[in-house]
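Just so we're aligned, residue -3 is where the sequence shown starts under our numbering, counting upward by one.
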Amino acid sequence: MIDLAFVESLIKALDQSSLDTLEVERGGTRVRLSKSPPVQSLAGPEGAHKAASAVAAGGPPIDTEVAPMATASPSQDEIHDGLLKVTCPMVGTFYSSPSPDAQPYVAVGQSVGEGTVLCIIEAMKLMNELESEVEGTITKIMVENAQPVEYGQVLFLIDAS
């Protein structure tokens, strides 16, 4: 378990640096700190992920997230005709597989469940796995491998009905 004093020291260090995001794993717990506004996650309303906000002394709000990175719970705008739009949580590069010679994580027609890795988004030399928090079937992959992606861009359509 990570103690509060350690997390506070990380917050101060991030606030005083030019970094936007810092992620640390210690004792089996992962802490992600970000100066950017919180990114919605694909966790359902129950939320498997716990997030908290802290304000550094005199600094901007800093988002803290304890858990693997994921995408957001579906809002009404993200659901159309029973299809869930999985959007990109950050600017980066989309990778469909863990390495160039490996099979893609998912394919059209494949069933996915909670925790299924959908892709990797590389941002600032960090590889971030994007996991599904819903059960369904991949109906469309909206981007090509190694393509740059933007925050909020639709990556996958999942039939969650």
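For glycine and all other residues, C-beta sits at the position ideal for the given N, C-alpha and C. No experiment lies behind these values; they were computed from the predicted model shown.
Beta-carbon proximity of residue i to residue j, cut-off 9 angstroms
i	j	result
Pro144	Thr83	no
Pro100	Ser107	no
Ile122	Val139	The sequence shown places Leu at residue 122, rather than the Ile named in the question. No, these two residues do not count as a Cβ contact at 9 angstroms.
Straight-line Cα distance separating residue j from residue i
i	j	result
Val27	Gly78	34 angstroms
Pro56	Leu153	For Pro56, the predicted structure reports a pLDDT of 43, less than 50, and the residue's modelled location is therefore unreliable. A value from the coordinates is still provided. Cα-Cα distance, rounded: 34 angstroms.
Ser13	Asn124	22 angstroms
Other residues of its chain near residue i: CB distance less than 6 angstroms, five sequence neighbours each side excluded
i	result
Glu131	Gly109
Thr112	Ser128
Residue of the options minimising C-alpha distance to residue i
i	options	result
Leu80	Ser157, Met120 and Lys121	Ser157
Cys115	Lys8, Ala142, Lys121 and Gly105	Ala142
Gly0	Leu15, Asp155 and Thr25	In the sequence under discussion, the amino acid at residue 0 is Leu, which differs from the Gly named in the question. Comparing Cα-Cα distances from Leu0 to each of Leu15, Asp155 and Thr25, the minimum goes to Thr25.
Glu19	Ala119, Val150 and Gly148	Ala119
Glu21	Lys8, Asp11 and Phe2	Phe2
Neighbourhood of residue i by C-beta distance below 7 angstroms, restricted to the same chain and skipping five residues each side
i	result
Glu146	Cys84 and Val87
Gly105	Thr133 and Ile134
Expected contact under 8 angstroms - CB spacing of residue i and residue j to nearest Å
i	j	result
Leu126	Ile117	6 angstroms
Ser5	Thr17	The pair is not a contact, with the Cβ atoms about 17 angstroms apart (cut-off 8 angstroms).
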